[in-house]
Amino acid sequence: MKKDNNLNTNKFIKSVWLIMDELQSADQMENALQSILEKMCVEYSCSDASLWLKHDGNQRLYMIASKGNEDNTGLSIAFDEGVIGEVFSTGDTITVSENEKDLFEKDHNIHAPNALIVPLKTPYGVLGCMAFSGKETAFDEDEIRIIENCSALIALDLEDKGFSFDVDLERKPLVSLRGIIKEFMSGEELNRILKGIDLDVYEGELLVVLGESGCGKSTMLNIIGGMDKATEGQLIIEGKDFSDPSEKELTDYRRDYIGFIFQSYNLMPNLTALENIEFIAEISQNPLDSSEALEMVGLGDRADRYPSALSGGQQQRVCIARAIVKDPKIILADEPTAALDFNTGQGVLKVIEKIVKERNTTVIMVTHNVEIAKMANRVIKLRNGNISSIRTNFHPMKAEDLVW
Ligand SMILES: Nc1ncnc2c1ncn2[C@@H]1O[C@H](COP(=O)(O)OP(=O)(O)OP(=O)(O)O)[C@@H](O)[C@H]1O
Ligand SMILES: [Mg+2]
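Take 2 as the starting number for the sequence shown in the numbering used here and just add one per residue.
As structure tokens, this is what we get:
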């Protein structure tokens, strides 16, 4: 017994030491927390861990750090959602045993078996919680005590440093979807493709949409772009209901608000690169200069070329120039790099990144490539007609640093 106690005391001291060391030495709090989770997973033989902190502004808990197969940081849940929400609102530890794991995995997207969720608690209140899972054996009483104490230590430091994270709650949504349902007839059968999508898209953000083929990504993009109508639900543009627009309102909206970049380039073959852009500029309300738009995508010297004399990547960049020349508020990009090789694709992404930064344009980009999602401000996943997750990238990667 005594020996065991010593063992646990040593384990506790070791854990405290590694936490203190990380908290003091890391350049960014997120990195320190990440590193703590990784080391605690080794120490307590867990495969997965996550750390969640509250954001009072919108009453949600955000995953700030995670260890596991997938980087899920930035995921958020409501204060009262699931087991994480329960630990947060009660301030009490929860353990999940092997035989409860199925329910736990399904409901909370955490890989059991043998999970432990402890609150991040100071004398002044609960800041969030930490979850550990994927342990071979159940957590014993001593381990639970130690992890609770470690958690208290982290909570005190977070409070002490006044750590906060930015989810930019002041922003007003440019586009909102509420309860969007879309059904298609397929032969005799009525298929519900979108089953009630709720989404806010903000000004100047790059939102990436991921999801399996056929899950409704293009359908959602077409509804946002006014190219298709929802079966049910509301499309709200800058606070105004746009669910049932007149033909004229729809045309104006598509012309003034939306730039579309498709996977296939569909340029006019008998017009030069510049003419393809001018053609759109002429029918736009407040267009940019066509040559400047071509310059922005790095094709100033190819203005007089016909599409057939341009490479795939160059044609795609003409398409981007054509979308930006209107100076739209929203650019919808449906797999803009799917047909391109790595270098060309990256060039296209750099242009998209530049438009978001320099013109504060909102870009909604559909892709199958999870690497590309790393440059987004937020990433949503569509699954079975619903949004299965929304993730905020606290530190989006630069397009030039992406590798695939
Ligand atoms: N006009 C239509 N009429 C009937 N069914 C349609 C129509 N448009 C889309 N669908 C169906 O809706 C589903 C979703 O299509 P959508 O093109 O939105 O998928 P996606 O997620 O963009 O797929 P991908 O990644 O392959 O482009 C598919 O099953 C498709 O067959
Ligand atoms: Mg598609």
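Note that the Cβ used here is the ideal one computed from N, Cα and C, for glycine as well.
Computed from a predicted structure; not experimentally measured.
Rounded to the nearest whole angstrom, the C-alpha separation of residue 326 and residue 205 is 17 Å.
Each residue's CA atom was taken as its position, placing residue 280 and residue 291 some 9 Å apart.
Distances taken from the Cβ of residue 219 to the heavy atoms of ligand 2 include one shorter than 6 Å. Following the DSSP letters along the chain, one finds residue 151 inside the alpha helix (DSSP H) bounded by residues 142–162.
Shown here for residue 149: same chain residues with a beta carbon closer than 7 Å to its own, the five before and five after excluded, namely 94, 119 in chain order. Residue 346 counts as buried, since at least 16 other C-beta atoms from the protein chains shown sit within 10 angstroms of its C-beta.
Every unbroken stretch of the alpha helix (DSSP H) spanning 4 or more residues and falling wholly within the stretch 195–281 is given here in chain order: 218–225, 248–258.
The beta carbons of residue 218 and residue 367 sit about 5 Å from each other, so the pair counts as a contact at 8 Å. Taking a 10 Å sphere around the C-beta of residue 14, we find fewer than 16 other C-beta atoms and assign the residue as exposed. Taking the Cβ of residue 194 as the reference point, at least one heavy atom of ligand 1 falls within a distance shorter than 6 Å. Within the stretch 289–345, the runs of beta strand (DSSP E) at least 3 residues long that lie entirely inside it are, in chain order, 331–335.
Remark: C-beta atoms of residue 154 and residue 331 do not approach each other more closely than 7 Å. Residue pairing from DSSP places residue 56 in a beta bridge opposite 61. Take the alpha-carbon of residue 68 and the one of residue 231: they are about 39 Å apart.
Distance from the Cα of residue 88 is smallest, within the candidate group 54, 73, 74, for 54.
In this structure, residue 215 has its beta carbon less than 6 Å from a heavy atom of ligand 1.
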